[in-house]
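There are 2 protein chains.
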Amino acid sequence: MHPAPQSDRRPYIRDSEDARRTALVAAVLDLVAEGGIEAATLRAVAARAGVTPGLIRHYFGDKDGLMRVAYGRMMQGMVDPCLAAAVAAGGDPVARLRAYLAAALDPAALDGRTVALWAAYIHRTRQDAALRAAHEAGYLAFRDALEGLIAALPVCPLPPRDAAIALNALLDGLWLEGGLLPQGFAPGEVQRIALTAAARVLDLPELTETEGPKP
Amino acid sequence: MHPAPQSDRRPYIRDSEDARRTALVAAVLDLVAEGGIEAATLRAVAARAGVTPGLIRHYFGDKDGLMRVAYGRMMQGMVDPCLAAAVAAGGDPVARLRAYLAAALDPAALDGRTVALWAAYIHRTRQDAALRAAHEAGYLAFRDALEGLIAALPVCPLPPRDAAIALNALLDGLWLEGGLLPQGFAPGEVQRIALTAAARVLDLPELTETEGPKP
DNA sequence: CCTTCAATTATTCGCGCGTATAATTCCGCG
DNA sequence: CGCGGAATTATACGCGCGAATAATTGAAGG
Chain A
1 MHPAPQSDRR PYIRDSEDAR RTALVAAVLD LVAEGGIEAA TLRAVAARAG
51 VTPGLIRHYF GDKDGLMRVA YGRMMQGMVD PCLAAAVAAG GDPVARLRAY
101 LAAALDPAAL DGRTVALWAA YIHRTRQDAA LRAAHEAGYL AFRDALEGLI
151 AALPVCPLPP RDAAIALNAL LDGLWLEGGL LPQGFAPGEV QRIALTAAAR
201 VLDLPELTET EGPKP
Chain B
1 MHPAPQSDRR PYIRDSEDAR RTALVAAVLD LVAEGGIEAA TLRAVAARAG
51 VTPGLIRHYF GDKDGLMRVA YGRMMQGMVD PCLAAAVAAG GDPVARLRAY
101 LAAALDPAAL DGRTVALWAA YIHRTRQDAA LRAAHEAGYL AFRDALEGLI
151 AALPVCPLPP RDAAIALNAL LDGLWLEGGL LPQGFAPGEV QRIALTAAAR
201 VLDLPELTET EGPKP
């Protein structure tokens, strides 16, 4: 008998909704980081996630829906590690603050990919109300946590709000510069400068002490 | 005789090359600031400049040529005022530094339009070699000037390079936050915090003094 | 006034985009 | 085993893009 005129339709396997949504969002963030917002076309996203563009419509409705979810995931990925690091640092206020600052400039966060991803979304946050809300929430969560850590210090020569704004700006700026000109800084230099400057702003020389004495 | 079948071709007047190039570049920057890179299509740029798209090709060759020139102009517009302010501040090192810092956070620079414009180009600077060169040149010119101002101070508790990196980061971060969340700060608050924090980093209490006593 | 030629506009092309809808195929359940 | 329906793919449409080329027109010089 003849071989059945085999379909040239691409075979596929069904997957859970969670897995598909996760894969699609990850594909968006990869593409935006590599090529800017303009690179994250539905066709490119689908190809990277190993599906076809129609599936995006199935799960996210339209492109804006997908971009919104992706943005939320990005913000979460940037803020959560810092909050977790502070919690993991134990009860000493200075140690908590140092852990927070160090986590914000962790080498993993300090790469151009993250900065490019963040910058690519900036403009969207100025026009799309949903994105702007997500942006402000993430930003203020970060800064408020910082202000809380500062307020918990035994002494502080500045109003906590002012100190939090200044230190947050310092972190933002160093993160930007370190991410955009990675070869412009020696390894660890960015973190070292952050702790030094923060220590001077807050009058906290202990902030720069290394914590692990050799055994 | 019949009325000549009057042409429906758009009338125009000739203009100098400089005026046309300037108008087209200004149109690009306006559109990018308002709607991101994606909004600066050749058709939209031409319409805003009051010409037709073909003229862009005539003067800039292709879209990339236009975008490169526009980027250079943006960087120039951001860095030059600060350098000029420092020069105009006279010979006192502290006054020069204060003028430089204040100019970087001048309300005219501290608006979302400028930040959005800058962010929109970030990704391009990571892929286009010509843009990257222009970016690094502008960035380092700014930071090196800052380092020079710091080195001219009578005393400095930090290596000038470290202090310049930290202060530059502080300025960048405050500029970002002030531009993106304009309603999050009281008028003048951003500049005040910048001077306060810089004064503490450099051990320069004079930096925060107001200079104009009432007559 | 008329010629000349660069400055400017008009038209066309092919492409990739996002959306919409129809057609198929995988897989759990009976 | 087979069947029903949701998950997934395929196809088509209209639009705006950047680029290329052809056609026109404004203005300067003789």
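So the sequences go chain by chain: A and B. Here the first sequence stands for residues 1 to 215, numbered as in my numbering. Here the second sequence stands for residues 1 to 215, numbered as in my numbering. Ideal Cβ placement from N, Cα and C applies to all residues, glycine included.
Contact set between residue i and chain A, taken where Cβ atoms lie within less than 8 angstroms
i	result
Leu55/B	Chain A residues near Leu55/B: none, gap ~24 angstroms exceeds 8 angstroms.
Leu153/B	Here the premise fails: no neighbours, minimum Cβ distance about 15 angstroms.
Candidates the options: closest to residue i by CA position
i	options	result
Leu146/B	Ala164/B, Val155/B, Ala33/B	Ala164/B
Ala198/A	Asn168/A, Gly91/A, Leu29/A	Asn168/A
Arg161/B	Leu170/B, Asp144/B, Leu174/B	Asp144/B
Leu55/B	Ala86/B, Arg21/B, Pro81/B, Ala130/B	Arg21/B
Arg132/A	Leu101/A, Gln191/A, Tyr71/A	Tyr71/A
Glu177/B	Ala44/A, Asp30/A, Ala89/A, Ala119/A	Ala119/A
Pro53/A	Val79/A, Asp80/A, Arg43/A	Arg43/A
Gln183/A	Glu206/B, Glu136/B, Arg98/B	Glu136/B
Asp15/A	Asp8/A, Ala23/A, Val28/A	Ala23/A
Leu174/A	Leu158/A, Pro159/A, Thr196/A, Leu29/A	Thr196/A
Ala152/A	Asp64/A, Pro93/A, Asp80/A	Pro93/A
Leu101/B	Leu83/B, Ala116/B, Gly91/B, Thr114/B	Leu83/B
Gly35/B	Arg126/A, Arg192/A, Leu140/A	Arg126/A
Gln76/B	Tyr139/B, Asp203/B, Gly91/B, Val32/B	Tyr139/B
Phe142/B	Leu29/B, Thr208/B, Asp203/B, Met78/B	Met78/B
Ala103/A	Glu189/A, Leu117/A, Pro81/A, Cys156/A	Pro81/A
Val28/A	Asp18/A, Arg9/A, Leu158/A, Ala46/A	Ala46/A
Ile13/A	Glu206/A, Leu207/A, Val201/A, Gly50/A	Gly50/A
Ala26/A	Val155/A, Leu66/A, Val190/A, Ser7/A	Leu66/A
Pro205/A	Cys156/A, Arg10/A, Leu181/A	Cys156/A
Asp219/B	Ala186/B, Leu170/B, Gly188/B, Leu158/B	Outside the displayed range of chain B (1 to 215) lies residue 219/B, so it cannot be described from this structure.
Arg192/B	Arg124/B, Leu207/B, Leu181/B	Leu207/B
Leu149/B	Asp62/B, Ala95/B, Gly61/B	Ala95/B
Pro154/A	Leu180/A, Ala19/A, Leu97/A	Leu97/A
Val32/B	Phe185/A, Ile122/A, Glu189/A, Gly188/A	Ile122/A
Interface residues of chain B facing residue i [CB-CB closer than 9 angstroms]
i	result
Ile37/A	Gly36, Ile37, Glu38, His123
Ala119/A	Trp118, Ala119, Ala120, Tyr121, Ile122, His123
Leu66/A	Simply none; closest approach about 16 angstroms.
Leu31/A	By Cβ distance, chain B contributes nothing, its closest Cβ being about 11 angstroms from Leu31/A, past 9 angstroms.
Interface partners of residue i on chain B, CB under 8 angstroms
i	result
Ile13/A	Ordered by position in chain B, no residue passes the 8 angstroms Cβ test against Ile13/A, which lies about 35 angstroms from the chain.
Gly112/A	Arg126
Leu181/A	Glu136, Tyr139
Val201/A	Ala197, Arg200, Val201
Leu149/A	Near Leu149/A there are no residues of chain B at all, since even the closest Cβ is about 17 angstroms away, more than 8 angstroms.
Leu131/A	What Leu131/A touches in chain B: nothing, since even the nearest Cβ is about 12 angstroms away.
Delimiting residues of the alpha helix (DSSP H) encompassing residue i
i	result
Gly112/B	112 to 127
Ile13/A	It is not in any alpha helix (DSSP H) - Ile13/A carries neither H nor E in the DSSP assignment.
Pro93/B	93 to 104
Pro160/A	160 to 180
Val201/A	189 to 202
Chain-ordered neighbours of residue i on chain A, where CB pairs are closer than 7 angstroms
i	result
Ala169/B	Leu170, Gly173, Leu174, Glu177
Ile165/B	Ile193
Leu83/B	Going along chain A, no residue has its Cβ under 7 angstroms from Leu83/B, so there is no contact; the nearest lies around 19 angstroms.
Leu146/B	None at all; the shortest Cβ gap to chain A is about 12 angstroms.
Leu24/B	Within chain A, no residue comes near Leu24/B; the closest Cβ sits about 21 angstroms away, beyond 7 angstroms.
Leu101/B	Those within 7 angstroms of Leu101/B in chain A number zero; the least Cβ separation is about 12 angstroms.
Neighbour list for residue i in chain B, Cβ cutoff strictly below 7 angstroms
i	result
Asp162/A	Ile193, Thr196
Leu42/A	The premise fails here: Leu42/A is roughly 15 angstroms from chain B at the closest Cβ pair, so nothing lies under 7 angstroms.
Leu97/A	Going along chain B, no residue has its Cβ under 7 angstroms from Leu97/A, so there is no contact; the nearest lies around 16 angstroms.
Interface partners of residue i on chain A, CB under 9 angstroms
i	result
Leu204/B	Chain A residues near Leu204/B: none, gap ~11 angstroms exceeds 9 angstroms.
Distance cut-off 7 angstroms: residue i Cβ against heavy atoms of the ligand SAH
i	result
Gly36/B	Annotation note on the ligand SAH: not contained in the displayed structure, which lists no ligands.
Can you list, in chain order, the stretches of the alpha helix (DSSP H) that have 4 or more residues and sit fully within the stretch 28 to 82 of chain A? Taken in chain order, the complete alpha helix (DSSP H) segments of 4 residues or longer contained in the stretch 28 to 82 of chain A are 42 to 49, 54 to 60.
Tell me whether the stretch 60 to 71 of chain B and the stretch 100 to 114 of chain B touch, counting them as touching only if at least three CB pairs, one residue from each stretch, are closer than 8 angstroms. No: the two stretches stay apart, fewer than three of their Cβ pairs being nearer than 8 angstroms.
Quick check: the stretch 83 to 93 of chain B against the stretch 73 to 89 of chain A, are at least 3 beta-carbon pairs closer than 8 angstroms? Short answer: they don't touch.
Please list the segments of the beta strand (DSSP E) lying wholly inside the stretch 130 to 159 of chain B, counting only runs of 3 or more residues, in order along the chain. Here no run is fully enclosed.
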